[in-house]
Structures are given as C-alpha cells and as structure tokens.
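Everything in the sequence shown is counted per my numbering, starting at 2 for the first residue and increasing by one.
Note that CB positions come from ideal geometry on N, CA and C, so glycine has one too.
Computed from a predicted structure; not experimentally measured.
Structure record follows, encoded as structure tokens.
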Amino acid sequence: MRISSALLLLTVSVVSVRAASNKAIKDVAAEMVCLCGDCARESLATCLCSFATQQREDIGLSLDGGKTAQETIDQYVSTYGQMVLASPPAEGINLLAWITPFAALVSGVFLIRSILRSRVQQAPSTPAVKTEQRDRLRQELERFDEDH
C-alpha cells in the first residue's frame with residue numbers, strides 16, 4: 002500500500018512539473034520560429050508541424066534539465082544562428098532591419114509633402130479677365146436676356 006501511494010505521489014509530481022513548464026515552453030518557443038521550410042517562419046509556439054513539435058519537446062527537456070529560458074534560446078541561436086529568432090536583436094546589421102521601415106515611412110511622408118507643395122505652386126492661376134472683355138460679356142448677356 003505504501004509503495005502504491007509513493008508511486009502515485011511520484012507520478013503526480015512528475016506530471017505537475019511538466020505541466021508547470023508548459024507555459025515556460027510556450028514562452029521560449031514564442032521567441033523562435035519554425036525552420037522546417039514549410040511553415041513560412043511561423044512561431045514555434047503555434048506551428049503544428051512535426052519539426053516544431055520535436056523542437057518544443059527539446060525545449061521542454063532543456064528547461065526541465067535546469068537551463069533557463071535565455072540559456073535555451075542561446076543554445077538554439079548557437080545551433081541554428083540568429084535566423085531562429087522571431088525578432089532579431091536590435092544590434093549590428095539587424096539594427097538596420099529595425100530602422101529601415103521607420104526611415105522609409107518618414108521619407109515617404111516628406112516626399113509626398115514636397116510633391117503636393119510643388120503641385121500647388123505650379124497650379125495655373127486663372128487668367129485675369131480684361132475690363133473690355135467683361136464689359137462685352139455683360140452686354141452680350143443683357144442682349145440675350147432682352148431677346149428671351
């Protein structure tokens with residue numbers, strides 16, 4: 002009886018340890034992308050392919066083995082390179098990947114603004130109507146009104 006109680010307690014504790022690390026596994030997996038080639042770099046946390054499932058299992062083993070989340074991520078980066086990261090760190094050449102979209106947006110705004118300003122300045126002004134023409138038009142309109 003004592004052996005079965007101890008075995009039950011051991012089983013429950015192992016299951017609860019693994020269940021407790023499921024959130025940690027998802028958190029670490031969310032920092033990385035699937036590299037199977039079929040998933041279009043989907044997050045390891047959400048990808049359903051067999052490669053991602055195996056990677057999540059490996060992450061769980063790493064975390065259960067005592068490694069921290071950052072150590073596990075660093076291990077994957079050393080194995081697969083920075084392409085395994087969901088978002089590259091903002092340093093070195095990767096800094097360009099972070100800055101370029103914002104720089105393009107700001108440049109686009111200034112380009113559109115300058116184009117609009119130049120079009121407004123180039124808009125032809127309405128030609129001034131000469132006094133003679135205005136008087137002639139008024140006479141024509143008066144004559145037209147009298148006839149009809």
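Using DSSP bridges, identify the partner residues of residue i.
i: S44; result: V34
i: L86; result: M33
Just tell me which of the options has its CA closest to the CA of residue i.
i: S22; options: I94, D39, A70; result: A70
i: Q55; options: G67, A30, S79, D75; result: A30
i: L36; options: R137, Y77, R135; result: Y77
i: Y81; options: V34, R137, D136; result: V34
By a C-beta neighbour count over all protein chains shown, 10 Å radius and 16 as the cutoff for buried, is residue i buried or exposed?
i: S51; result: exposed
i: A104; result: exposed
i: S17; result: Note that S17 scores a pLDDT of 46, beneath 50, so its modelled location is shaky; the value from the coordinates is reported in the next line. Exposed is the call here.
i: A91; result: exposed
i: E32; result: buried
i: S119; result: exposed
i: L64; result: buried
i: A53; result: buried
i: R139; result: exposed
i: R150; result: Residue 150 lies beyond the range of the chain shown here (2 to 149); nothing can be said about it.
i: A20; result: The pLDDT assigned to A20 is 44, lower than 50, so where the model puts this residue is not dependable; a value taken from the coordinates is nonetheless given after this. It counts as exposed.
i: A129; result: exposed
i: A46; result: buried
i: R57; result: buried
Report the CB separation of residue i from residue j in whole angstroms; it is logged as a contact under 8 Å.
i: I60; j: I26; result: 5 Å
**Asked** Can we say the stretch 79-87 touches the stretch 29-48, given the rule of at least three CB pairs closer than 8 Å?
**Response** Result yes; three or more Cβ-Cβ pairs closer than 8 Å.
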